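Step one of this worksheet: look at the structure below.
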Amino acid sequence: MKKTILLLVFAFLVALSYGQPFNLDTAINPVELKLLPFNPKDKARELEKGKMNITRVTQVKDTLYYFVQGASIYSPVYVGVTSLDPANKIDVRLHKMNWKNASRSGSTDEKGQWSEKFKTENDFGIMVIPQSKPAKYTLLVWVGDEAKIELPPVIDENKGEGSASGKSGGGMSQSTILYIIIAVLVVIVAFLFLKRKNSKS
Amino acid sequence: MKYIRQTILPVFFLLVTAGAVKAQPGMDEIDQSTEQTLQILEQLLGNMEGFEDGVAPAFEAFRNGMGMVRDGLEFYNSMQALDNNECVPDFSTPAEAMMPTGCAGNEGCAGCYRESIGRLNTVRKSLARMRCIYTNTKKFTDAAISFGDNVSGIHGVMGIAWQNERRGIEQSLRDFEATYDNKYKALMESMQVALNGISACEAKFGMRDWYQRFGFLYFEMMKEKYKRDD
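As given, the protein sequences belong to chains A and B, one line each in that order. So the mapping is simple: my numbering equals the position in the first sequence, first residue as 1, plus 861. So the mapping is simple: my numbering equals the position in the second sequence, first residue as 1, plus 13.
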């Protein structure tokens, strides 16, 4: 119940936040890559659970724009591009805020593959520029289930009641160490004083 | 062999028939996978013969990447945010706001703590995520307005259209801020419930007046940390 309410809260917040990388250019019409549930039945593949989109494209335009919505900052994201003709290099750019400045970029390798892994909140854009056209490729976007994050504790088991309230606890407090240092210094000064006195006499 | 007949052949048929849009000359062809394709991939264990037109190499590349992953949390932690300027949840707590316990090692106390700690951690995660959504949205809006102001100044007609667009963006941000404030209030109330729960456990097994002595300080620190300051 608690989780459902939180999910609704974030769905509402995310809906009110931005939708895709910003632009004022009407020539840019990004295609939304819709994520569908992906739940492998094999237990060994449990970490692949999440949402996925596989899109096969034959691109004739110089540049195509795509965007994905619904990622969570607590989920891993994978984006892969596979060119059906490895000789035809494809440039891929990932965008967060706007279509002008890429957050990450790269090209398909000799096997015709390129991929990136990252985390992000809600949405991001993908810009694809093949070197020659028509270009045949497949886009694969995967957003994993949220990771079970272990938060650093805020209750310190070593910080007992005594030390927390300023009294000396089980371990040595700073003031105790200070007293020891002062005592050692007093002993050294006294020893030097006595030594000097003895040498004079 | 039986498996291949039962799985691969329908896959091949499905990919050839379902969702395949014939490309018009000179037009891009964009063919998104259907739920059925993903359901078949979910059950896939072995090789992918029969998958045509790039699904197999793309999916195999994904599986190869995932094959090395043994631990989901480790995998997640190894990742960087997409953008260098993107907000990443911050769970750090200053040393002075760390809270002590008077019943560490006591089994009854640990059992009593469980529910409240669970609630506290859920609230911490939610606050951190909400803060990031807010920070990213604010950055995005500021960048969009500044970009629009610069571009519209160059072109007169665009300038008039931009003013309408700008008002819409500003209104969206105001709505978003109001939602943030409401959710912030609800989450802080939930945090207070969690801290009072811990205080009740401490009163039973550890120390008295835990909330007044330690919980309150932590609560105030969190209240300040996630309060919208603009």
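Heads up, the beta-carbon is just placed ideally off N, CA and C, and yes, glycines get one too. These numbers come from a predicted model, not from an experiment.
In the same chain as residue 890 of chain A, and ignoring 5 residues on each side of it, the C-beta atoms closer than 8 Å to its own belong to 926, in chain order. Close CB contacts of residue 1006 of chain A within its chain, under the 8 Å cut and outside five residues either way in sequence, are with 910, 911, 936 (chain order). For residue 1051 of chain A, no Cβ of chain B is located within less than 8 Å of the residue's own Cβ. Within the stretch 136-148 of chain B, contact with chain A at the beta-carbon level (separation under 9 Å) is assigned to 137, 138, 139, 141, 142, 143, 145, 146, 147. A residue is called buried once 16 or more other Cβ atoms fall within 10 Å of its Cβ, and residue 887 of chain A, having fewer, is exposed. For residue 107 of chain B, there are no neighbours in chain A by C-beta distance under 8 Å, as the nearest C-beta there is about 10 Å away.
Remark: three or more beta-carbon pairs, one from each stretch, lie closer than 8 Å, so the stretch 97-117 of chain B and the stretch 208-223 of chain B are flagged as touching. Here the alpha carbons of residue 974 of chain A and residue 987 of chain A stand approximately 15 Å from one another. A Cβ-Cβ distance of about 18 Å is found for the pair residue 174 of chain B and residue 959 of chain A, leaving them out of contact under the 8 Å criterion. Looking at the DSSP output, residue 111 of chain B sits in no beta bridge, so it has no partner there. Between the alpha carbons of residue 103 of chain B and residue 969 of chain A lies a gap of roughly 34 Å.
A check of alpha carbon separations from residue 901 of chain A across A/1055, A/972, A/1003 identifies A/1003 as the nearest. Proximity of the stretch 81-88 of chain B to the stretch 180-197 of chain B falls short of the contact definition, fewer than three beta-carbon pairs being nearer than 8 Å. When only Cα atoms are considered, residue 161 of chain B and residue 183 of chain B end up about 12 Å apart.
Scanning chain A for C-beta atoms nearer than 8 Å to the C-beta of residue 41 of chain B yields 918, 919, 920, 921, 922, 925, reported in chain order. Against chain A, a Cβ distance below 9 Å from residue 48 of chain B picks out 897, 898. Between residue 941 of chain A and residue 976 of chain A a beta carbon distance of about 4 Å is seen, short of the 8 Å cut, so the two are scored as contacting.
C-alpha of residue 1000 of chain A to C-alpha of residue 947 of chain A: approximately 14 Å in a straight line.
Linking residue 152 of chain B to residue 1039 of chain A through their CA atoms gives a straight-line distance of about 49 Å.
For residue 1016 of chain A, the chain B residues whose C-beta falls within less than 7 Å of its own C-beta are 112, 114, listed in chain order.
Proximity of residue 1004 of chain A to chain B, defined by a Cβ-Cβ separation below 8 Å, is not satisfied. Residue 929 of chain A is classed as buried because its beta carbon has at least 16 other beta carbons within 10 Å across all chains shown. Per DSSP, residue 997 of chain A lies in no alpha helix (DSSP H); the unbroken beta strand (DSSP E) holding it starts and ends at 996-1005. Inside the stretch 959-997 of chain A, DSSP marks no whole alpha helix (DSSP H) run of 4 or more residues. For residue 139 of chain B, the secondary structure class from DSSP, reduced to helix, strand or coil, is helix.
Neighbours of residue 55 of chain B across chain A, judged by C-beta separation under 8 Å: 899, 900, 901, 902.
The beta carbon of residue 1058 of chain A sits no closer than 8 Å to any beta carbon of chain B. Contact annotation, residue 128 of chain B with residue 228 of chain B: C-beta distance approximately 16 Å; criterion of less than 8 Å not satisfied. The Cβ neighbour count for residue 53 of chain B, taken over all protein chains shown within 10 Å, is at least 16; the residue is labelled buried. Against chain B, the CB of residue 887 of chain A has no partner CB under 8 Å away; the residue lies outside that interface.
Listed along chain A are 916, 917, each with a C-beta nearer than 7 Å to that of residue 44 of chain B. Collapsing the DSSP output to three states places residue 184 of chain B in a helix. The contact set of residue 941 of chain A on chain B, defined by CB atoms closer than 7 Å, consists of 71, 74, 75 in chain order. Taken through DSSP and simplified to helix, strand or coil, residue 887 of chain A comes out as coil. For the stretch 957-975 of chain A, the set of residues with a beta-carbon nearer than 8 Å to any beta-carbon of chain B comprises 957, 958, 959, 961, 964, 965, 973, 974, in chain order.
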